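At the far end of the sequence shown sits residue 287, using the working numbering, and the numbering has no gaps.
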Amino acid sequence: MTIKLITDSSCDLDRNLLNEENVEIIPIYVSHDGKDYKDGVDITPEEIYQGMRNGKVYKTAQVTVHDFETVFEKFASQGLDILHLSFSSGLSGTYGAAVLAADMVKEKYPNIRLEVVDTKASVNGLGLIVLDILAARREGADMDQLLELLEDRIRRIEHIFTVADLDYLFRGGRLSKGAAVVGNMLNIQPILRVDEEGKLQQMDKVRGRKKLFNRILAIMEEKADDLDKQTIALSHCDDEEEAQKLVEAIREKFGSTEFVVNMMGAAIGAHTGPGTICVFFYNSKK
């Protein structure tokens with residue numbers, strides 16, 4: 002039976018690729034001045050980052066239960082089994098909404114299989130997982146095989162983040178004004194990660210962009226010894242130039258040849274601001 006793959010707009014993969022692969026994308030909501038927009042539908046990442054540079058503060062809201070129910074029922078009514086790969090439950094309530102919707106749809110369509118998976122991942126971390134599931138689906142993997150693969154990928158996915166301007170974290174209520182001012186004055190570059198529970202945490206901080214990239218490379222080396230054989234993914238908040246500098250640094254140090262680089266959508270970018278750079282890979286060291 003055909004398996005319909007669904008994810009939400011926190012996945013940063015190119016929309017043309019997802020459309021070609023018949024992946025349904027459910028948009029997260031972005032709000033500004035009391036007006037709601039659908040991420041990637043009513044508002045683009047470029048608009049969000051330009052707005053932030055001009056002082057606008059955006060908030061994000063999870064996909065509603067009704068939104069999920071509508072999409073799930075659309076494909077369940079066609080007799081398709083469904084696999085939904087959700088944005089991390091540690092960063093959003095979107096996963097919980099998807100579970101509630103799935104329970105309602107399964108009552109109406111008991112003969113289809115509908116699996117909702119908390120990937121504990123975001124942006125191109127989720128993107129890497131989606132790519133691996135797509136490859137397995139093309140090779141004929143059934144639902145149980147896909148779920149087994151997901152268990153491995155969720156356990157191993159690594160997210161390393163940094164932000165260029167701490168003031169955006171202050172505007173979003175995630176940092177005090179004093180900490181943002183002092184950090185920017187001292188050129189503090191925080192290094193963040195998504196932990197095993199899918200939550201964002203600070204793991205280190207350095208002074209200056211050069212030290213920052215060196216520290217990111219060191220973290221990658223600590224976590225994996227097969228980076229030359231992996232596809233490395235990066236997401237950036239309207240800073241392609243810096244993202245490509247990190248790509249070249251990774252290529253030079255580890256011999257990596259396969260990269261996916263995309264602009265970050267609203268799920269994380271609306272809170273971290275222009276200049277945010279993230280790198281994603283799978284760990285291979287215990």
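Beta carbons: idealized from backbone N, C-alpha and C, even for Gly.
The structure presented is a predicted model; accordingly, all values stated were derived computationally and were not measured.
**Message:** Less than 7 Å between the C-beta atoms of E152 and M105, yes or no?
**Reply:** No, Cβ-Cβ distance for E152 and M105 is not below 7 Å.
**Under 7 Å between C-beta atoms of E198 and G91** = In contact: E198 and G91 (Cβ atoms closer than 7 Å).
**Start and end residues, alpha helix (DSSP H) containing T232** = Looking at the DSSP string, T232 is not in any alpha helix (DSSP H); the run it does join, the beta strand (DSSP E), is 232-237.
**Item:** Bridge-paired residues (DSSP) for N284
**Value:** Bridge partners of N284: none, in fact.
**Message:** Tell me which residues share the same chain as Q146 and place their Cβ nearer than 8 Å to its Cβ, disregarding the 5 neighbours each side in the sequence.
**Reply:** A distance below 8 Å between beta-carbons, with the five flanking residues on each side excluded, links Q146 to the following residues of its chain, in chain order: A137.
**Span separating the alpha-carbon of S177 from that of I4** = With a pLDDT of 48 at S177, under the threshold of 50, the modelled position of that residue is not reliable, and the figure given next carries that caveat. So the two alpha carbons sit approximately 46 Å from each other.
**Prompt:** Taking Cβ positions, are N263 and S236 nearer each other than 7 Å?
**Reply:** Against a cut-off of 7 Å, the Cβ pair of S236 and N263 comes out as a contact.
**Asked** So, using beta-carbon positions, are E22 and I7 closer together than 7 Å?
**Response** Contact: no.
**Asked** Can you give, in chain order, each stretch of the beta strand (DSSP E) that sits fully within the segment 61-149 and has at least 3 residues?
**Response** The DSSP assignment places complete beta strand (DSSP E) segments of no fewer than 3 residues inside the segment 61-149 at 82-87, 115-119, in order along the chain.
**Asked** Among the residues of its own chain, which have a CB less than 8 Å from the CB of V72, if the five just before and after it don't count?
**Response** If we look at V72 and ignore the five residues flanking it on each side, its Cβ neighbours are I7, E25, I27.
**Message:** I'd like the ranges of any beta strand (DSSP E) spanning at least 3 consecutive residues and lying wholly in the segment 242-270.
**Reply:** Qualifying beta strand (DSSP E) stretches, in chain order: 259-264.
**Request:** May I ask you to verify whether the segment 81-89 touches the segment 108-116, counting CB pairs closer than 8 Å and requiring at least 3?
**Result:** Yes: at least three Cβ pairs fall under 8 Å.
**Message:** Taking the alpha helix (DSSP H) that E223 belongs to, which residues open and close that run?
**Reply:** In this chain, the alpha helix (DSSP H) harbouring E223 covers 210-224.
**Item:** Sufficient close CB pairs (3 or more, under 8 Å) joining the segment 268-276 to the segment 50-62
**Value:** Yes: the two stretches touch, three or more of their Cβ pairs being nearer than 8 Å.
**Item:** Given I130 as reference, the closest of V42, N55, L148 once Cα atoms are compared
**Value:** Looking from the CA of I130, the closest CA among V42, N55, L148 belongs to L148.
**Prompt:** Looking only at C-alpha atoms, which of A234, I251, R208, C238 sits nearest to A219?
**Reply:** For the residues A234, I251, R208, C238, the minimum Cα distance to A219 belongs to I251.
**Message:** Does G184 pass the burial test, meaning 16 or more other C-beta atoms within 10 Å, or should it be called exposed?
**Reply:** In this prediction, G184 scores a pLDDT of 47, lower than 50, which makes its location untrustworthy; no coordinate-derived value is stated.
**Message:** Suppose you measure from the CA of C279 to the CA of T120; what does that come to, to the nearest Å?
**Reply:** Per the coordinates, the alpha-carbon of C279 lies some 17 Å from the alpha-carbon of T120.
**Endpoints, beta strand (DSSP E) assigned at G19** = Sequence inspection shows Leu at residue 19; the Gly mentioned does not correspond to that position. Where L19 is concerned, there is no enclosing beta strand (DSSP E), although the alpha helix (DSSP H) it sits in stretches over 16-21.
**Request:** Quick one: measure Cβ to Cβ for V124 and I269, integer angstroms, because I've assumed they're closer than 8 Å.
**Result:** The Cβ separation is near 6 Å, so the contact holds.
**Request:** List the DSSP bridge partners of R194.
**Result:** Note: R194 sits in a beta bridge opposite I161, Q202.
**Request:** Label V42 either buried or exposed according to how many other C-beta atoms from any shown protein chain fall within 10 Å of its C-beta, with 16 as the threshold for buried.
**Result:** With fewer than 16 Cβ atoms within 10 Å of its Cβ, V42 is classed as exposed.
**Item:** Coarse secondary structure for V183, derived from DSSP in three states
**Value:** Caution is warranted here: a pLDDT of 41 is assigned to V183, below 50, making its placement in the model unreliable, and the coordinate value is therefore given only provisionally. In the three-state reduction of the DSSP assignment, V183 falls in the helix class, which pools H, G and I.
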